Every structure is written in C-alpha cells, then in structure tokens.
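Chemist:
In the working numbering, the protein residues as written are 4 to 294.
1) Identify the residues that DSSP records as bridge partners of residue 182: which are they?
2) Name the DSSP beta bridge partners of residue 282, please?
3) Please tell me whether residue 55 and residue 108 are closer than 8 Å, where the distance is taken between their beta carbons.
4) Taking the C-alpha atoms as reference points, what is the distance between residue 277 and residue 255?
5) Tell me which same chain residues have a C-beta within less than 6 Å of the C-beta of residue 274, skipping the five on either side of it?
6) Can you tell me whether DSSP reads residue 221 as helix, strand or coil?
7) Bridge partners for residue 289 per DSSP, in chain order?
8) Taking just the CA atoms, how far does residue 200 sit from residue 153?
9) Taking the continuous alpha helix (DSSP H) assigned at residue 90, which residues delimit it?
10) Pull up the CB-CB distance for residue 292 and residue 270, whole angstroms please, since I reckon it's below 8 Å.
11) What does the alpha-carbon distance come out to for the pair residue 128 and residue 182?
12) Short check: CB of residue 224 to CB of residue 192, under 8 Å?
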C-alpha cells in the first residue's frame, strides 16, 4: 500500500473523528459517523473521484445505499425499484463524466484501451460495492468485538501492535462476507456429496473460520491465536479479495484513531447484535464517548 494512500486513510479517520468531537455530544453512532463515510471516501479516492470532497463521498454513499436497497430483493423475485434505477443512472452518468475528463483510474483504463467505457463503469460498481459494504462491516465488527471484550480492549489500548491481531481475529470470528459462491471446475465428491463440473457451490467462510480443527475454542475472541492470518474472511486462491490489504489498513486506522481519541469509549446499552445472512454487521453502532 503506497505511503500516499496510507496517509489519506489516516487523514480521513482524523477528520471524521474530529467531526464527532466537534458535536460536543457524549454519544455517537459509528456506522454513519465513521465506518461508512471512511469506506466510501477510500473507494472514491481509489477511483480518482476526489475522496477528500465530503460532497462527493456523501453522494456516492447515497447512490450506493439506494442501489443496495433496491436490488436486495431481486433474488426473491422483486423488481428493481425506480429509486434504485435512478441512483444507478446518476452514478453511471457521474462516472462517465469523470472518464471523459480523464485523470482518474477509470479514465486511464478507458484511454489505454484496456476497458470499454461500459466495462469501466461496471468494474467501478463492483469495486464500490466490495469496498464499501465489507470494509464498513469489518470496521464495525472489530470495534464491537473489542468493546464487548474488556481484557482485549485493554490490551489493544496498552499495546498498539495488538490492533492488527484484533482485526484478524474479528475477521475470523465474524467475517463481513460470511459466504461466497464458486463454480466447480471438475467433478468431485466432497464429504459424501457429488459435485459436478459447473455446479455452483456456496462456501461458508464463516464456517471455515470456526473450524475447531484449525482454531481451537473457535467461538472465543482471542488475540493470541498463533495462526490468525489463516482466517479466510477474504477467501483464497485466484479470487482472493484484491482489496484485502486496503480493508486491513482502513480497519486498523479506524480502530487506532477511535480508541486514541475516546479513552472511555464503550457500547451504548441499545447497541444491536450483528445480523445478516451473507453480509454480517450491526446495522448501527451506538457508543458512549465519555462518562
């Protein structure tokens, strides 16, 4: 990860936390005030859309939320909503404009002949979804795990090097994407089940991450597992997540910044549980900043 990009992430975290402080409130909601805008800003910056512009980030996040809400019921037979189509059209128009003006990753991909304009927009949409949804979830899950485990929280506060371990263990215990779909490349029998070439296989990353043969006492949050990096939250093989190091960077920066800025940080009494079948995170993370 480049030093420039690392500096951008840290700067965004600092600005978001400063906005929380500036409200003067003793409470905050860290999904809307930290995790979501950070993830969106980093995606915008990576695509060359000026992630430092709060208006660009807010607009991108708004389109993203509308599109996700619109398509969430498609698998069950529901139609894409009008608002979702409008958001997708507006996003496509905005990306097309950036491509036309050049100077962005998208523009370079098109001008070099590597991608057509429509392919560039489609790839941007995929990056936006992966970069916002799962990174937001990872940040929220790490913070929630630490705030639920006082001993681990104390260790991370007193030994900053443990932040990386906290991120890895949270990814193991509650991966932001719990399952992925893959297609069999050959006929195989697995645990007595016959899988034919071309069959779609739903793989539970969450299940693999709690395999007791690999991770003893798998339901326990433990910063000192010797094999933390063997967790499969980012999948593996040819389709391993290309943004995994960036997601780790954002998560470490967000956790480090939040704990440093708010020494008395704790979960609010009404903090919800983690939910979701495929994508796992709390729908909000209300916290108390000080006594």
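No residue lacks a Cβ here, since even glycine has one placed at the ideal position from N, Cα and C.
The structure presented is a predicted model; accordingly, all values stated were derived computationally and were not measured.
Modeler: Reading from the atomic positions:
1) 207
2) 180
3) no
4) 20 Å
5) 289
6) coil
7) 32
8) 48 Å
9) 85-104
10) That pair is no contact at about 11 Å.
11) 20 Å
12) no
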